[in-house]
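J.: Residue numbers (this note's numbering): 475 to 878. Beta carbons: idealized from backbone N, C-alpha and C, even for Gly.
1. My understanding is that residue 604 touches residue 571, with C-beta atoms under 8 Å, so please give their C-beta distance in whole angstroms.
2. Got a sec? Which residues, its chain only, sit under 7 Å from residue 861 by beta carbon, not counting five neighbours each side?
3. When you compare only the Cα positions, how much space is there between residue 595 and residue 756?
4. Roughly how many angstroms separate the alpha carbons of residue 701 and residue 739, rounded to a whole number?
5. Three or more C-beta pairs under 8 Å: does that hold for the region 702-715 against the region 647-659?
6. For residue 874, does the three-state DSSP call read helix, strand or coil?
7. Counting pairs of Cβ atoms below 8 Å between the region 731-746 and the region 684-691, do you hit three or more?
8. In this structure, what does DSSP give as the bridge partners for residue 694?
9. Nearest-angstrom Cα distance between residue 608 and residue 632?
10. Applying the criterion that 16 or more other CB atoms from any shown protein chain within 10 Å of the CB defines a buried residue, is residue 735 buried or exposed?
11. Excluding five sequence neighbours on each side, which residues of the same chain lie with their C-beta closer than 6 Å to the C-beta of residue 546?
12. Taking residue 482 as part of the beta strand (DSSP E), name the residues at either end of that continuous run.
13. At 4 residues or longer, and completely inside the region 729-797: list those alpha helix (DSSP H) runs for me, N to C.
14. Looking at the unbroken alpha helix (DSSP H) that takes in residue 491, where does it start and where does it end?
15. In this structure, does DSSP put residue 609 in helix, strand or coil?
16. Please name the residue in 662, 770, 696 whose C-alpha comes closest to that of residue 709.
17. What is the rounded straight-line gap between the Cα of residue 480 and the Cα of residue 520?
18. Return the residue from the list 729, 699, 707, 653 that minimises the CA-CA distance to residue 682.
19. So, helix, strand or coil for residue 881, using DSSP?
20. So for residue 860, helix, strand or coil by DSSP?
21. What number of angstroms, rounded off, separates the C-alpha of residue 795 from the C-alpha of residue 787?
22. Counting Cβ pairs closer than 8 Å, one from the region 799-817 and one from the region 845-859, do we hit at least three?
23. Using the DSSP secondary-structure output, state which residues sit across from residue 680 in a beta bridge.
24. How far does the alpha helix (DSSP H) with residue 713 in it extend, from its first residue to its last?
25. Mind checking whether residue 506 and residue 550 have CB atoms under 9 Å apart?
26. Name the DSSP bridge partner or partners of residue 617?
27. Spatial neighbours of residue 606 within its chain, please: CB distance less than 6 Å, with the 5 preceding and 5 following residues excluded, ordered by chain position.
28. Closer than 7 Å by C-beta to residue 768: which residues in its own chain qualify, once you throw out the five before and the five after it? Chain order, please.
29. Considering residue 836, what are the terminal residues of the alpha helix (DSSP H) in which it resides?
30. Among the residues of its own chain, which have a CB less than 8 Å from the CB of residue 838, if the five just before and after it don't count?
31. In whole angstroms, what separates the C-alpha of residue 615 from that of residue 778?
32. Are the beta-carbon atoms of residue 522 and residue 573 separated by less than 9 Å?
33. When you compare the CB positions of residue 832 and residue 699, do they come within less than 9 Å of one another, or not?
34. Can you have a look at residue 563 and say buried or exposed, based on whether 16 or more other CB atoms are within 10 angstroms of its CB?
35. Would you mind sorting residue 695 into buried or exposed? The rule is 16 or more other CB atoms within 10 Å of its CB.
36. In chain order, which beta strand (DSSP E) runs of at least 3 residues are fully inside the region 550-582?
In C-alpha cells, the structure reads:
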C-alpha cells in the first residue's frame, strides 16, 4: 500500500518572487516551507509550488532535513521545515529555470579589494580525513569550494606546503571521494593547529567526478541549513545560548565560533550527547567554549555527531559543572605556566613516586616523561584544566616536576 505523503504548499505571488527563491534555494535542490504543522526528520512530503501568475502548480517529492519548531518563534525564528527534493538539482533546474527566463538575475556585488579566490566558498560540514606522509589528520570541513576546503582539525597536524590527499565523506550517500591537495594555510591557537586550508590540485579540481561530488555536498548542505538560526555570541553569552535552545528544542546542534576556533555542542532529550572543540570532548570542551565572549553561533535541530567517546550527561548538570570549574579556574594564577614550557620529571626510575599521587598527577608525570609541553598535556589529559594546573603546582612544589 502506498504511503500517504503530507502536502506542503508554497505560493509565489509573482514571477519575481519565484525567480528569487529559485536562484537562492530551489536550484540547489530544496526549499524552506513556513508551517505550524508537526513533522519529524526524514518524513517524506510533497511540496506543492503554486504559481498563480502563470496558472501553474508543480508537485515535488522530498524529505524533511531540518526543523524549526513553533516554540522557537519567540526567539525570532520562523517555524517550518527544510525539504530536500528527491529529484536531483540538475533536474529541478531543468524543469523550473524556464519559468524564470523573463526575470534577470540581480547584479553581482563587487568583489572585496583583498578577494583573490577563484571559487565561491560555501558552508559545508562533513567528516574529513587528510592523509599525509607524516600521518593522518581527522576533522570536519567548515567550508568548501571547487578549488579547496577549510578543515576544522580534531586530531593530527600538517605543515604548510605539505602534499596530501583529502577524503571527503558524503552525509547522505555515505560515499567518499579522495582529492590530491596541498596545505595552503594553517591556523593555530595556543600552540595547536586548529584549522587547515587545503588547495586542490588543479588537475583534480577540474575532474568531472570531483565537480559533481562537491556540488552535491554544497547542495545537500544548503538545503539542510535553510532555517538555521545564527547570531553573535556576545549578546547572550554561550551558557544562555545553550540553555535557550535546549529549552525550546528537543534536539539540536550548536556551533560556536571564536577567532580561528570552532566547537560544537549536540543535545537530545535533555542530555549532552557531544561537546567538542578540536581534540577536546565532554565537559572539558564545554568549559573551553563557555568562556568565549566574542564570536558567532549557529543552531539547527539535527544532531551532527550522535555520540562521541564520552557517555551522555544531563545537560543542566554538565553546564553547572562547567561553570563551577570556570569559577575555580579564575582563582588560579596560571601566569607561571607558559603553555609552550616543556614538562620535565625530576625522577624517572620505576617506583620513585610511590606516595599518594592523584590520577591527574600520575598523568602529568607520564606525559612529562614523554617530553610534552603544558599545552599538549592540557589536550591529552581528560580532566578539566583547573585540576591539571592544581596538580602541576603540587608536583612542582614537591620537586617532582619542573618546567623548561
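T.: On the basis of the coordinates in this document:
1. Not a contact, Cβ separation roughly 37 Å.
2. 834
3. 31 Å
4. 18 Å
5. no
6. coil
7. no
8. According to DSSP, residue 694 bridges with nothing at all.
9. 8 Å
10. buried
11. 722
12. 480-485
13. 756-764
14. 489-498
15. strand
16. 770
17. 6 Å
18. 653
19. The shown model of the chain, from 475 to 878, leaves out residue 881, and the question about it has no answer.
20. helix
21. 11 Å
22. yes
23. Residue 680 is not bridged to any residue.
24. 712-722
25. no
26. 597, 624
27. 632, 636, 638
28. 707, 708, 732
29. 833-843
30. 817, 851, 855, 862, 865, 866, 869, 875
31. 12 Å
32. no
33. no
34. buried
35. buried
36. 554-559
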